[in-house]
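Here the working numbering is used: the first residue of the sequence shown is 2, the next is one more, and so on. Note that CB positions come from ideal geometry on N, CA and C, so glycine has one too. Here's the structure, in structure tokens; my notes come after.
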Amino acid sequence: LSAAGNYSFGWGRTLNYTTNQYEDMDRSENSNISLSTSVPIFAGLQKQNTIKQYGINLRTSIQDVEKLKNDVTLNVAAAYLQVLLAKESVAIAEEQLISTHEQVNKTQKLVDGGKLTLSNLLDLQSQQAGEEAQLVNAQNNLEIAYVSLKQLLEITSEQNFEVISPEILNIPEEFINENLQNLYNDALELMPEIKAYELRVKSAEKGLAIAKGAYYPSLSLSASFDSRYSNRGGYDPVTGNPIPAFSLWKQFRENRGEGIGIGLSIPIFRGLQTRTQVKNAKLNIRNYELELQRTKNTLYKSIQQAQTDARGYLKSYQSSTKNVNAIKEAFRYTEKRFEVGAVTSTDYMVAKNTLFKAESDLVQAK
């Protein structure tokens, strides 16, 4: 629906709206107003399909947002686990350093008592210096892990906080017997990236319906109203009687014109544009179908890889636990033998470093 209006001044030969005759005038004032509307009755359902397509596109965008939320969640979880790993690495390094420091003190007394040589003490002091460097590196890694987590959480460096480590008594093993196909089927119903591409296929199908709509005739209903005003009077060409210039509103009432009509447009030939648009719409559907299948394949591979990794790390965690327990016993035995001079400081440091590596491997697997 649209409205229009104008007011104009004219000189010379101008149409006198009162007499509907052209006259030479020194000055004339004229005004027009109009109101018109056009309503589509049928246009191949293109507008309806376009509205439906926009609705599908909105739902697609919502699923895209959910996908981004999932990505943020996973990134934060990964950063959180990295902090936990760094904290446990610091704890192991501190425990190792405390143990070595105690052993240095014991060895100092044994050297003073003449039971061990000075070289044993020097070797242990060197070991202690190396473990102090390891602790500093572990603390730096912890600080970096905290910074990464803060950045993901949009927290400034000035806002300090501590991450709580959960008490993991038993690693859950239920996933060992999970059926891969069942996991995949559940994921198809849950993952927003799958839903998003399914909706994109539907949107492309609506795009095809819109393109095909151009093949159909279009029918529209139109209506109009207009009126005019002139400041010029005149004479009736038949009777010769004078015709005064009526007031603005009276002329608008007397000079009004109204109309209503139905328009039909039949497409005959448009340079194969509609045909090309239909072909492109079909290709668009096929492209999104392929993208949907690619996304499903990627999801299946991700689940398969995650389950395989989890099973492998569980076995690694179980074996690492046994390995650490065994190495701890071996180290205690070596430590006692070192204190009585039965093994060299080199043997002691090798046993201690082996224990440190085993404990680090256990933390990684955990």
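Asked, Found
"Is Glu30 closer than 8 Å to Asn256 when the C-beta atoms are compared?", "no"
"Please go through the same chain and pick out, in chain order, the residues whose beta-carbon is closer than 8 Å to the beta-carbon of Leu1, but skip the five residues on each side of it.", "The first residue shown for the chain is 2 and the last is 367, placing residue 1 beyond what the model contains."
"Taking all protein chains shown into account, decide if Ser158 is buried (16 or more other Cβ within 10 angstroms of its Cβ) or exposed.", "exposed"
"Kindly indicate which three-state DSSP category Leu265 falls into: helix, strand or coil?", "strand"
"Can you tell me which of the three DSSP states Phe226 falls into?", "strand"
"Note the first and the last residue of the continuous alpha helix (DSSP H) segment covering Met26.", "Not the alpha helix (DSSP H): Met26 falls in the beta strand (DSSP E), residues 22-43."
"Going by beta carbon distance, what residues of the same chain come within less than 8 Å of Ala311, once the five residues before and after it are set aside?", "Phe176"
"Leaving aside the five residues before and after Glu259 along the sequence, list all residues of the same chain whose C-beta is less than 6 Å from its C-beta, in chain order.", "Phe226"
"Since I believe Thr275 is in contact with Ala215 (beta carbons under 8 Å), could you give me their beta-carbon distance rounded to a whole number of angstroms?", "4 Å"
"Would you mind working out which of Lys207, Tyr81, Asp187 sits nearest Lys53, comparing C-alpha positions?", "Lys207"
"Could you pull the start and end residues of the beta strand (DSSP E) that Leu16 belongs to?", "3-17"
"According to DSSP, Gly258 sits in a beta bridge with which residue or residues?", "Asp227"
"In this structure, what does DSSP give as the bridge partners for Leu220?", "Phe43, Leu265"
"Under DSSP, the alpha helix (DSSP H) around Ala197 begins and ends at which residues?", "193-214"
"Quick one: what does DSSP say Lys367 is sitting in, helix, strand or coil?", "coil"
"Have a look at Leu119, Ser90, Gln308, Arg28 and flag the residue whose alpha-carbon is nearest the alpha-carbon of Asn183.", "Gln308"
"Nearest chain D C-beta to Glu159 closer than 8 Å, yes or no?", "Reference to chain D is not applicable here, since this structure consists of a single protein chain."
"Span of the alpha helix (DSSP H) holding Gln152?", "119-153"
"Taking 8 Å as the cut-off, decide whether the C-beta atoms of Lys316 and Phe332 are in contact.", "no"
"Put Leu315 into one of helix, strand or coil per three-state DSSP.", "helix"
"On the premise that Ser223 lies in contact with Gly272, defined as a C-beta separation below 8 Å, what is that separation, rounded to the nearest angstrom?", "The Cβ separation is near 27 Å, so there is no contact."
"Run the CB neighbour count on Leu181, radius 10 Å, all protein chains shown included, and call it buried at 16 or more, exposed below.", "exposed"
"With DSSP collapsed to three states, give me the class of Phe339.", "helix"
"So, is Ser38 buried or exposed, given that buried needs 16 or more other C-beta atoms within 10 angstroms?", "This sequence places Thr at residue 38; Ser is not what is there. Under this definition Thr38 is an exposed residue."
"With C-beta atoms as the reference, is Ile34 less than 8 Å away from Gly11?", "no"
"By the three-class DSSP mapping on this structure, what secondary structure does Ala359 have?", "helix"
"Go ahead and pull the three-state DSSP assignment for Glu290.", "helix"
"Assuming Ser90 and Val364 make a contact with CB atoms under 8 Å, what is their CB distance in whole Å?", "6 Å"
"Do the region 90-101 and the region 133-148 meet, that is, are 3 or more Cβ pairs less than 8 Å apart?", "yes"
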